Amino acid sequence: MIKIGRLTVKMNFQKVILTFLGIVACYDCLAAEYGIIIDAGSSGSRARIYTWPERTELTEVIQLREVANKKSKPGLSAFVGDAQGIRNHLSQLIEACKDNVPEEKRPNTPIYLMATAGMRLLTGTDAFAIYQTVNDLLSHKSFSPFDFTKGNARTLSGEEEGAFTWISANQLNGLFGNDRTTNRTVGIMEMGGASTQMAFVPRGSLLADKFPVYVAGKYYPLYVHSYLYYGQDFASKKIKDYIYRMRTDRDATNFSNPCMLVGDQKTEMIEGTNVQFQGTGQADDCLELIQAELVFKVPDYRCYPKPCSIGQVYQPVIPADMIFHAVSAFAFTVKDMNAYSSGESTTAKVILATSREFCKMDLETALNKTGNRFVDTLCFSGLFISTLLTDGWGFGEDRKIDAAGEIADQELTWTPGAMVYEVERRDRGHFEPVTATASTQETAIILTVMLIAAGL
-18 MIKIGRLTVK
-8 MNFQKVILTF
2 LGIVACYDCL
12 AAEYGIIIDA
22 GSSGSRARIY
32 TWPERTELTE
42 VIQLREVANK
52 KSKPGLSAFV
62 GDAQGIRNHL
72 SQLIEACKDN
82 VPEEKRPNTP
92 IYLMATAGMR
102 LLTGTDAFAI
112 YQTVNDLLSH
122 KSFSPFDFTK
132 GNARTLSGEE
142 EGAFTWISAN
152 QLNGLFGNDR
162 TTNRTVGIME
172 MGGASTQMAF
182 VPRGSLLADK
192 FPVYVAGKYY
202 PLYVHSYLYY
212 GQDFASKKIK
222 DYIYRMRTDR
232 DATNFSNPCM
242 LVGDQKTEMI
252 EGTNVQFQGT
262 GQADDCLELI
272 QAELVFKVPD
282 YRCYPKPCSI
292 GQVYQPVIPA
302 DMIFHAVSAF
312 AFTVKDMNAY
322 SSGESTTAKV
332 ILATSREFCK
342 MDLETALNKT
352 GNRFVDTLCF
362 SGLFISTLLT
372 DGWGFGEDRK
382 IDAAGEIADQ
392 ELTWTPGAMV
402 YEVERRDRGH
412 FEPVTATAST
422 QETAIILTVM
432 LIAAGL
């Protein structure tokens, strides 16, 4: 016998247990929130569907869980002037999202399309036209039943990408919320094809490049800087441009490149001319080019605010005991060359030594040894990364960097951080605690389930 107010319900022990399980299942269903991030990269767009328990206060951490993901190829930037192509491209993703988000949750499930490399390279006119089509499609409930507002589809800045990766890293590391397992933040370094990002929370005052982050009721004054054209592909192109620019024979179109392996040949269009490059694999000469064109210092009087990393770029002092996680091309380069110092950690010294040996190989030998189709990039990438760490960012040559590319067996990417950031931004300022009305509704649900279980 169970008494609820003036109502007495006859229930045996088995029915009590079943009722309790039903209440829990029903509550979990109602309390779960969903969100969608479409990562519009250069090679394709991937929709990631997340869910998390509804929070009752801002100090609670958003406990994300990825429900599913779906990729559609090619990248969104390939559909310039092709509205129907964009519709077909997004339709595949929306259908996958509908399959994984309960129907009653869809109207309140936010959806974001965030583009990176490919869309950044389009002209303003072409990018605007694509986003206009995307906005039109995602705004129509007949096409997408999810919560979409103007501004939810955009090209991320390098700073946003770095900040979102930082949030992901620290969430996986257990920093946020009342149940945090650590009070120490970690830093991240991320290298793509076009840009490189550095993000961390300094111990002292932050004078520039501040990116305010609020997570689980706490404010983090994050330093983020994105180095445009310092990604793996564009940095290599800058070296080729520099070699061509410094030529003594103004009519020459054929050059040696010490940052390429022997046997490697590349053709680049520079200033309207097809320029040929042949690799010589000379590490010392390559390092000189990197220091001249990419990782260089300026006289002290030109550095303001101080201190500076590369050129006149401000960078606060990196805390000596802070752990840094290297992702994307940083981690791929270390892995492909097996440049680990211990476990899945590495140092600038180990990367440099490994790169020097790697650069001595010809292209065919390197390909046979690694079986990696991107082997032609490793000589330059390794030398560039080691120089960036020491001469650019001020890491000691023996300082360990975590190059696993994951934390707690989960891949370290920017998309979970983007979801957390957007939900925090949505909730902050208008978040209300659970009201009496909500409590009454929950009581009504519990009572209904119990009555059903009792056979009434």
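Residue numbering for the sequence shown follows our numbering, starting at -18 and increasing by one per position. No residue lacks a Cβ here, since even glycine has one placed at the ideal position from N, Cα and C. Remember, it's a predicted structure, so these values are computed and weren't measured experimentally.
Do you know offhand how far residue i's Cα is from residue j's?
i: S367; j: V294; result: 19 Å
i: L57; j: A21; result: 6 Å
i: D383; j: P300; result: 15 Å
i: A264; j: C360; result: 8 Å
i: S53; j: V82; result: 19 Å
i: G324; j: R406; result: 38 Å
i: V243; j: F355; result: 15 Å
i: I224; j: F236; result: 8 Å
i: D160; j: A13; result: 20 Å
i: F129; j: E387; result: 31 Å
i: I169; j: W147; result: 6 Å
i: K316; j: R184; result: 31 Å
i: G105; j: A347; result: 40 Å
i: F181; j: I271; result: 25 Å
i: F109; j: F124; result: 21 Å
i: Y230; j: I251; result: According to the sequence as given, residue 230 is Asp; it is not Tyr. Cα to Cα, the separation comes out at about 15 Å.
Between the Cα of residue i and the Cα atoms of the options, which residue gives the shortest distance?
i: T328; options: G375, F361, E345, L348; result: G375
i: G253; options: V279, A175, D222, K51; result: D222
i: A189; options: F109, R101, P297; result: P297
i: F192; options: F145, L156, L153; result: F145
i: Y93; options: C78, T104, D107; result: C78
i: Q152; options: S125, V196, H121, M179; result: V196
i: D63; options: M400, Q113, I17, Q44; result: Q113
i: D245; options: G132, L344, L102, R36; result: L344
i: A96; options: V404, Y402, W395; result: W395
i: D214; options: T104, M400, G173, E249; result: G173
i: V205; options: R46, L187, A216; result: L187
i: T90; options: E41, L119, Y200; result: L119
i: L39; options: K199, F60, E85; result: K199
Leaving out five residues before and five after residue i in sequence, what residues of the same chain have Cβ atoms less than 6 Å from its Cβ?
i: A6; result: Interpretation of A6 is limited by its pLDDT of 45, a score under 50 that renders its predicted location unreliable; no figure is taken from the coordinates.
i: A233; result: none
i: S24; result: G56
i: P126; result: R87
i: C267; result: P239, C240, L364
i: R337; result: A264
i: S26; result: I19, S53, L57
i: L248; result: The sequence as given places Thr at residue 248; Leu does not occur at that position. Only N255, Q257 meet the Cβ criterion.
i: V61; result: D107
Within the continuous beta strand (DSSP E) that includes residue i, where are the two ends?
i: I169; result: 168 to 172
i: M250; result: 246 to 251
i: G260; result: 254 to 260
i: T368; result: First-last for T368: 359 to 368, but that is the alpha helix (DSSP H), not the beta strand (DSSP E).
i: K278; result: No beta strand (DSSP E) contains K278, which DSSP labels as neither H nor E.
i: K51; result: 46 to 53
Bridge partners of residue i, per DSSP?
i: P34; result: A13
i: H206; result: M179
i: P91; result: D128
i: Y195; result: Y200
i: R354; result: R354 is not bridged to any residue.
i: Y295; result: C289
i: N238; result: G260
i: A347; result: None; A347 has no bridge partner.
i: I18; result: R29, Y93
i: I382; result: T327
i: T136; result: A96
With a CB to CB cut of under 7 Å and the five nearest residues on each side skipped, what residues in its chain are close to residue i?
i: V276; result: I291, T368, L369, D372, G373
i: V279; result: C289, G292, Q293
i: K341; result: G262
i: L156; result: T163, T166
i: K330; result: E378, D379
i: R283; result: Q293
i: N154; result: T163, V167, I388
Between residue i and the rest of its own chain, which residues show a CB-CB distance below 8 Å, the 5 nearest in sequence each way excluded?
i: T421; result: Confidence at T421 is low in this model, with a pLDDT of 36, below 50, so its placement is unreliable and no value can be given for it.
i: Q73; result: K51, S53
i: Q438; result: With the chain running from -18 to 437 in the structure shown, residue 438 is simply not present.
What residue does the alpha helix (DSSP H) around residue i start on, and which one ends it?
i: V82; result: Where V82 is concerned, there is no enclosing alpha helix (DSSP H), given that its DSSP letter is neither H nor E.
i: V308; result: Counting along the chain, V308 falls outside any alpha helix (DSSP H), though it belongs to the beta strand (DSSP E) covering 305 to 309.
i: T114; result: 105 to 120
i: E403; result: 396 to 408
i: K218; result: 213 to 226
i: S149; result: 139 to 153
i: A389; result: Note, A389: premise wrong, no alpha helix (DSSP H); not H, not E.
i: Q272; result: 264 to 274
i: A330; result: Note on residue identity: the sequence assigns Lys, not Ala, to residue 330. 329 to 340 is the span of the alpha helix (DSSP H), which, as asked, contains K330.
i: A59; result: Neither: A59 is in no alpha helix (DSSP H) and is coded neither H nor E.
i: R101; result: 98 to 101
Taking 7 Å as the cut-off, does the CB of residue i come closer than this to any heavy atom belonging to the ligand PLP?
i: A273; result: This structure does not include the ligand PLP; it has no bound ligands of any sort.
Quick check: is the beta carbon of residue i nearer than 8 Å to any beta carbon in chain B?
i: A49; result: The structure shown has no chain B; it contains just one protein chain.
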